[in-house]
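A.B. asks: The structure follows.
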Amino acid sequence: MGMRKGLIAIAVAALVAWGQGAQAKTFKWAFQGDIQSLDPHSLFETFSLGFWSNIYEPLVGYDADLALTPMLAVEWKTIEPTKWRIKLRRGVKFHNGNDFTADDVIFSWQRALSE
7 MGMRKGLIAI AVAALVAWGQ GAQAKTFKWA FQGDIQSLDP HSLFETFSLG FWSNIYEPLV
67 GYDADLALTP MLAVEWKTIE PTKWRIKLRR GVKFHNGNDF TADDVIFSWQ RALSE
């Protein structure tokens, strides 16, 4: 009878834990320093970089072997040494519902270069 009660307890705990996952509505983030800015082009320091990675998605990322992986850019090709053709992921929206477009990438790139 003890084993049966144990299995029932495990099943109940699993159901409770499973139901709790969908309830979260607040994102809590902790770090050992202060965030200096929410602007990803304003500075390059550890605390802000760690925070920004939870807010902004880059064109490409890195896998466990440090190889480039697609994120917002799904394909990229060098056309000339200073020209790239980048295919963007479709269906991406900003927080306000606006579509993510090539114009947004160009704006961000030009802004980063001007800083």
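Residue numbers (our numbering): 7 to 121. From the three backbone atoms N, C-alpha and C, an ideal C-beta is built for every residue, glycine too.
1. Suppose you measure from the CA of P64 to the CA of L78; what does that come to, to the nearest Å?
2. So, with DSSP's three-state summary, where would you put I85?
3. According to DSSP, is A79 part of a helix, a strand, or is it coil?
4. Take R96 as the anchor and find which of T107, T84, L49, A70 has the nearest alpha-carbon.
5. Considering only residues of the region 42–71, which uninterrupted beta strand (DSSP E) runs meet the minimum length of 3 residues and lie entirely inside it, listed in chain order?
6. Per DSSP, K99 is paired with what?
7. Measuring straight from C-alpha to C-alpha, what distance separates E86 and V66?
8. Would you report the Cα separation of I92 and I112, rounded to the nearest angstrom?
9. Exposed or buried, F33, counting other C-beta atoms within 10 Å across all chains shown (16 or more means buried)?
10. Who does L74 pair with in a DSSP beta bridge?
C.D. replies: On the basis of the data shown:
1. Here residue 64 is taken as the residue at index 58 of the sequence shown, counted from 1. Here residue 78 is taken as the residue at index 72 of the sequence shown, counted from 1. Distance between the alpha carbons of P64 and L78: 6 Å.
2. Here the question's residue 85 lines up with position 79 in the sequence shown. The answer is strand: DSSP assigns I85 an E or B state.
3. Position 73 of the sequence shown, counted from the start, is the residue given in the question as residue 79. Strand, per DSSP.
4. Against the sequence shown, residue 96 aligns to sequence position 90. Minimum Cα distance to R96 is reached at T107.
5. 66–68
6. The residue given as residue 99 occupies position 93 in the sequence shown. For K99, which the question treats as bridged, DSSP gives the partners D105.
7. Taking the first residue of the sequence shown as 1, we reach residue 86 at position 80. Taking the first residue of the sequence shown as 1, we reach residue 66 at position 60. Going from the Cα of E86 to the Cα of V66 covers about 19 Å.
8. The residue you call residue 92 lines up with position 86 of the sequence shown. The residue you call residue 112 lines up with position 106 of the sequence shown. C-alpha separation (whole angstroms): 11 Å.
9. The residue given as residue 33 occupies position 27 in the sequence shown. Counting every other CB atom within 10 Å of its CB across the protein chains shown gives F33 a total below 16, marking it as exposed.
10. Taking the first residue of the sequence shown as 1, we reach residue 74 at position 68. Note: L74 sits in a beta bridge opposite Y68.
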